[in-house]
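Below: the structure, in structure tokens.
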Amino acid sequence: MALSRDTCICLRKFEYSETSQILTLLGREHGIVRVMAKGAHRRTKAGASKFDGGIDLLDRGQAVFTFDPARDLQTLTEWHLDEGHLELRRNLRAVYLGQYAAELLSLLLENFDPHPALFDRLEQMLPALATSQREEVFLAFELELLRQTGHLPQLGDCANCARPINSSATAYFSPSTGGAICRDCEMIIHDRLAIDARLLRLLITLLRLPHHGSMTQRLPRLTRHQTDPLNGLLAQYLQFTLGRGLRLMRYVIPSPIRRVPVAT
Amino acid sequence: MSNYAQSIQDLMNELARLPGIGMRSAERIAFHLLKQKPEEAMKLATAIRDVKTRIRHCSICYNLTEQDPCAICADAGRDQGLVCVVEQPKDLLALEATGLYRGVYHVLLGRISPLEGVEEGDLTIEPLMQRLASGQVREVIMGLNPNLEGDGTALHLQNLMSQYPQVAVTRLARGLPAGSNIEYANRNILADAISGRQKM
Ligand SMILES: [Zn+2]
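In order, the protein sequence lines correspond to chains A and B. For the first sequence, this note's numbering assigns the number 2 to the initial residue and increments by one for each residue that follows. For the second sequence, this note's numbering assigns the number 549 to the initial residue and increments by one for each residue that follows.
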């Protein structure tokens, strides 16, 4: 069996037995790869271990694994830890945002479908979660993930009638229609969510930022007042399009936006 | 399909559901039990029944015990103001085996693991907060596994405990395992060891 080598970030970890783990890795060049790590917790008395002491969520390392796309589960044969994100683990918000990124990636990416640029963005984003820029850095990453996987909702034009949305104080968003809704259409949309129009424009601004070089320097500073409604909007949209709940949603967005009742 | 009698097949199926046992091992164990004298084989059945009927969680610390409260909670010689929070009873046993700790424990029965669907409500966090509210606890030692989910759980508990400012919150020291070699330690262990260095 041919062995492959790749820089990987661990997105999911399941303790399969006392000594083995099943991991979902995001490989820079291989995309999502599920591997079995046999003997992951085993060490010699001196402390040597095949997988550098076991692999944790969000760890980045150099992985060697069997690679046969016909199989669902590959075998990890080597792992060398490059980055374990100890700073991130000191902040609960960072811990949850990091796991939310892992959940979104494992849901939105297909197996063996590489996205090197997205991998690089994730690699930049994770350490920044430990800093005071975590909100804007996460939101920018989330938007980039949606764009690169074709899940970006329509934001500038009405998702129902395609006319440009003119700026008013309150904007509307409909997960089932696929994006922002103009004032003319909002009354007939059953699942519309009301949101401050400035926040919706903020998303458009973030999407227009050039995305080469260091992202963090160009991002506007954002607070939870701004990111909670936006993360909530995108989460509700994704839950609708994926047809399933997001497990981290209640940790990341404590009070999601409620639907505006339809006038009768 | 196998041609075993139904009772043998049932036994093999049950054994194969145990962790680390495949169908071939299950077959080998089943035939081993068949060859044993009835009284020998029935010891296993009795042991399983006893453990399922007698063992329960201590109503104070959630350790596994035959008597409630458990021997540790009932021990008047132990410091009831010092509580070490661990994920599982086996973590408690590992700490007890050192013979060095004279406080008591609180077993969470897991850790917050959102990706796997394990939430705060699935753990014994509420009873822990009730222990703190009683005012008898002076210090809580976080003895959770030093991984992302364990650290997240510890931070969540720390937030909840901030309503009890009289309770000091500490965590087990991290760094190089005694008896190991520095060259085999990974980056995380070395980073922890450097930031947690101690005065000699
Ligand atoms: Zn007890």
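The beta-carbon is built from N, C-alpha and C at its ideal position, and this holds for glycine as well.
- Contiguous beta strand (DSSP E) elements confined to the stretch 688-719 of chain B occur at 716-719, taking only those with 3 or more residues.
- Unbroken beta strand (DSSP E) runs of no fewer than 3 residues, entirely contained in the stretch 562-638 of chain B, are found at 627-634, following chain order.
- As for any beta strand (DSSP E) of minimum length 3 sitting wholly inside the stretch 97-156 of chain A, there is none.
- Taking 8 Å as the upper bound for CB-CB distance, B/G691 and B/V633 are in contact here, some 6 Å apart.
- At a beta-carbon threshold of 8 Å, none of the residues of chain A lie near B/P637; the nearest stands roughly 15 Å away.
- A distance below 8 Å separates the beta carbons of A/L106 and A/L146.
- Put simply, the CB of B/R659 is far from chain A, with every gap to its CB atoms at 8 Å or more.
- B/D623 counts as exposed, since fewer than 16 other C-beta atoms from the protein chains shown sit within 10 angstroms of its C-beta.
- Contact annotation: A/L194 and A/R260 have beta-carbon atoms nearer than 8 Å.
- Per DSSP, B/D740 is one residue of the alpha helix (DSSP H) stretching across R735 to S743.
- Using beta-carbon distances, A/L201 does not count as an interface residue toward chain B, since no partner is under 8 Å.
- Beta-carbon to beta-carbon, A/L140 and A/L223 are separated by about 7 Å, close enough to satisfy the 8 Å threshold.
- In this structure, B/N707 has its beta carbon at no less than 7 Å from each heavy atom of ligand 1.
- Its chain contains I196, D197, L200 and I258 as the residues whose beta carbon lies nearer than 8 Å to that of A/P230, once the 5 sequence neighbours on both sides are disregarded; these appear in chain order.
- B/P675 has its Cβ no nearer than 7 Å to any heavy atom of ligand 1.
- One Cα belongs to B/I673, the other to B/Y649, and the distance between them is close to 22 Å.
- When C-beta distances to chain B are compared with 8 Å, the residues of the stretch 104-129 of chain A below that value are E104, in chain order.
- Taking each of A/R6, A/Y173, A/T45 and A/S21 in turn and checking the Cα distance to B/G727, the smallest one comes out for A/T45.
- Residue-level contact by beta carbon holds for A/Y252 and chain B, with a gap shorter than 8 Å.
- Taken through DSSP and simplified to helix, strand or coil, A/T45 comes out as coil.
- Scanning its chain for C-beta atoms nearer than 6 Å, with the 5 sequence neighbours on each side dropped, one finds around A/K51 the residues G40, in chain order.
- For B/P617, the CB falls within less than 7 Å of some heavy atom of ligand 1.
- When rounded, the separation of the alpha-carbon atoms in A/A172 and A/M250 is 22 Å.
- Look at the beta carbons and you see the stretch 65-84 of chain A not touching the stretch 665-681 of chain B: under three pairs across the two are nearer than 8 Å.
- Per the DSSP secondary-structure output, A/E30 pairs with nothing in a beta bridge.
- What B/L720 touches in chain A, judged by beta-carbon distance under 8 Å, is nothing: the nearest beta carbon there is about 15 Å away.
- In the structure shown, B/Q678 falls within a helical segment according to DSSP collapsed to helix, strand and coil.
- B/R722 and B/Q746 have their C-alpha atoms roughly 11 Å apart.
- If you look at A/R251, you'll find it in the alpha helix (DSSP H) that goes M250 to V253.
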